[in-house]
Ligand code: GDP
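Residue numbers (this note's numbering): 123 to 644.
Next comes the structure, spelled out in structure tokens:
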């Protein structure tokens with residue numbers, strides 16, 4: 123019998139893995155994919171990562187395009203669930219891309235290195251999840267190595283993240299003696315991820331005999347304390363973002379990953395409702411809606427093909443259907459939407475809320491775009507961050523100015539950089555959050571457009587989107603400060619300031635002008 127829309131939606135789990143580099147995100151991703159049979163060979167994800175290790179290699183990969191496209195989202199099925207893992211770039215210079223990707227997930231897995239605890243990037247990513255009330259499952263990785271005391275790690279999570287911890291499993295042994303996980307509430311032992319079956323026990327004492335004699339008492343004490351002193355798992359508090367269920371394991375040695383994937387299936391929320399300008403869209407609404415959170419250039423630079431990654435928010439996307447693009451009101455034929463697996467893509471005949479499809483296009487779609495079955499509706503909340511670095515692009519060959527303009531426009535639409543066109547007609551300014559983005563821009567302008575460029579300091583270092591309740595006030599400001607005003611890709615005005623001091627000064631002089639460091643696509 124055909125699956126109903128509600129059933130299809132309730133099976134979906136769409137999540138991201140957040141971690142400080144080296145905590146084990148890649149290894150964990152790979153092991154999760156293995157459960158779904160999405161990859162046959164452990165190592166495919168790793169192989170890609172190793173090649174991405176150095177910067178120059180990374181560029182090469184970017185040019186070869188296919189690989190990074192393939193790994194932006196990975197779909198697999200396990201037991202009754204369809205899982206979509208959205209990949210986020212590891213390097214902090216691509217933070218804006220990561221933040222946008224987090225707008226498209228319903229849950230996150232936070233990976234913590236058991237020896238290192240909460241690291242700076244974990245904290246940052248966690249803050250974004252909290253801003254968006256994304257429920258978090260914690261995986262404490264590398265228990266097969268020297269690690270901190272589990273209680274100490276839990277305390278750190280509670281203190282640094284102000285998040286209650288509910289340990290669901292407990293590690294049996296540490297480093298060399300680590301040999302499995304013990305489910306605190308169910309009294310079940312899982313010796314390794316390769317085993318589906320868990321051994322039922324009556325109490326920790328029965329588990330302790332798996333350990334060397336000198337560790338047994340400590341294990342019994344710890345688990346008794348964990349059961350008595352820690353918060354029990356509470357799904358409501360988890361979904362509201364106040365509490366995280368905690369799992370221990372070793373992705374590398376195949377411990378705890380099965381506990382984690384079972385938890386994702388059992389606890390993690392199905393596709394959530396999504397706020398739009400005119401109403402909140404329910405995931406089980408019949409009509410298809412989706413939004414674009416990422417654009418990536420396709421494999422063939424000659425055709426300027428791009429893949430827009432769209433998260434379905436409601437209804438059913440069917441191949442061949444027509445969708446309305448809210449920004450322009452125009453129709454768009456969804457002739458070749460695609461699903462991504464670990465090493466291949468496939469035409470998507472049908473996709474449901476929670477799924478992410480790649481939509482090939484020639485520049486019609488932009489980040490933040492909403493697609494519907496006809497309704498004039500716009501999803502809110504895909505952010506654009508004010509750049510930290512502003513530069514003028516210097517072209518070696520002045521004859522190619524027009525081509526550069528086109529190329530920059532395309533790069534900006536793809537989200538590689540932000541582009542600001544000064545009102546006074548002076549050359550465009552590009553803005554980025556991290557310096558590596560400039561390297562990518564330079565590399566791609568050369569490789570894809572044959573444009574050798576360099577970057578010059580601009581006299582500006584800060585940029586803010588400006589608006590005012592009274593349009594006249596805004597006009598007055600724009601006229602008065604014409605030399606410091608530019609337009610972004612959507613033609614929205616920004617104020618460019620030399621430094622934060624002059625920004626504050628102007629903000630005080632013109633109290634009617636709102637200066638925003640963050641713009642939500644609309
Ligand atoms: P990422 O940077 O977060 O993607 O981390 P990786 O998955 O690449 O892991 C970083 C390093 O830690 C690699 O050398 C992994 O082999 C290693 N690693 C990952 N998980 C474990 C684990 O559970 N135990 C041990 N001992 N090493 C691990």
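We put the CB at the ideal spot given by N, CA and C, even for glycine. All values derive from a computational prediction rather than experimental measurement.
Apart from sequence neighbours up to five positions away, the residues of its chain that approach residue 217 with a beta-carbon distance below 7 Å are 555, 556, ordered along the chain. Around the beta-carbon of residue 325, fewer than 16 other beta-carbon atoms lie within 10 Å, marking it exposed.
Residue 381 is positioned such that its CB atom lies no closer than 8 Å to that of residue 450. Of the candidates 289, 307, 413, 289 places its Cα closest to the Cα of residue 352. For the pair of segments examined, the stretch 220-237 was found to touch the stretch 254-269: the number of CB pairs separated by less than 8 Å reaches three.
Short note on residue 373: C-beta closer than 7 Å to some heavy atom of the ligand GDP. Counting along the chain, residue 138 sits inside no alpha helix (DSSP H); it lies in the beta strand (DSSP E) bounded by residues 134-141.
Boundaries for residue 323: no alpha helix (DSSP H) harbours it, and the DSSP string shows neither H nor E there.
Three or more beta-carbon pairs drawn from the stretch 429-440 and the stretch 404-413 are found closer than 8 Å, and the two stretches are therefore classed as touching. Contact between residue 440 and residue 492 does not hold, since the beta-carbon distance rounds to 18 Å and is not under 8 Å.
The C-alpha of residue 198 lies about 15 Å from the C-alpha of residue 469. Three or more beta-carbon pairs separated by less than 8 Å link the stretch 238-257 to the stretch 359-375, which places the two stretches in contact.
Residue 364 and residue 243 have their C-alpha atoms roughly 20 Å apart.
Contact between the stretch 607-620 and the stretch 565-584 is present: 3 or more CB-CB pairs across the two stretches fall below 8 Å. In this chain, the alpha helix (DSSP H) harbouring residue 559 covers 557-571.
Rounded to the nearest whole angstrom, the CA to CA distance from residue 149 to residue 626 is 46 Å. If the five residues before and after residue 349 are omitted, its C-beta is found closer than 7 Å to the C-beta atoms of 306, all from its own chain and listed in chain order.
Comparing alpha-carbon positions, the option among 344, 250, 328 lying closest to residue 296 turns out to be 344. In this structure, residue 546 lies near residue 604, with their beta-carbon atoms less than 8 Å apart. When distances are taken from the beta-carbon of residue 145 to the heavy atoms of the ligand GDP, the shortest one is below 7 Å. Put simply, of 231, 263, 427, 151 the residue whose alpha carbon is nearest the alpha carbon of residue 251 is 231. Between residue 479 and residue 453, the beta carbon gap of about 18 Å keeps them out of contact (Cβ cut-off 8 Å). Cα atoms of residue 412 and residue 575: separation of roughly 36 Å, rounded to the nearest angstrom. In this model, residue 131 and residue 442 are separated by some 21 Å (Cα to Cα). Residue environment analysis places residue 137 among the buried positions, since at least 16 neighbouring C-beta atoms fall within 10 angstroms of its C-beta.
Per DSSP, residue 627 lies in no beta strand (DSSP E); the unbroken alpha helix (DSSP H) holding it starts and ends at 622-631.
Excluding sequence positions up to five before and after residue 549, its CB lies within less than 8 Å of the CB of 514, 515, all in the same chain and listed in chain order. Secondary structure of residue 240 (DSSP, three-state): coil. Residue 502 sits close to residue 642, with the two beta carbons spaced by under 8 Å.
Relative to the ligand GDP, residue 267 has its C-beta within less than 7 Å of a heavy atom. For residue 151 and residue 316, the gap between their C-alpha atoms comes out near 16 Å. Annotation for residue 492 indicates a beta carbon at 7 Å or more from all heavy atoms of the ligand GDP. Sequence-distant partners of residue 204 (beyond 5 residues in either direction) whose C-beta falls short of 6 Å from its own C-beta, in its chain, are 133, 134. The DSSP-derived three-state label of residue 510 is coil. In the three-state scheme derived from DSSP, where H, G and I count as helix and E and B as strand, residue 333 is classed as coil.
Around the beta-carbon of residue 201, fewer than 16 other beta-carbon atoms lie within 10 Å, marking it exposed.
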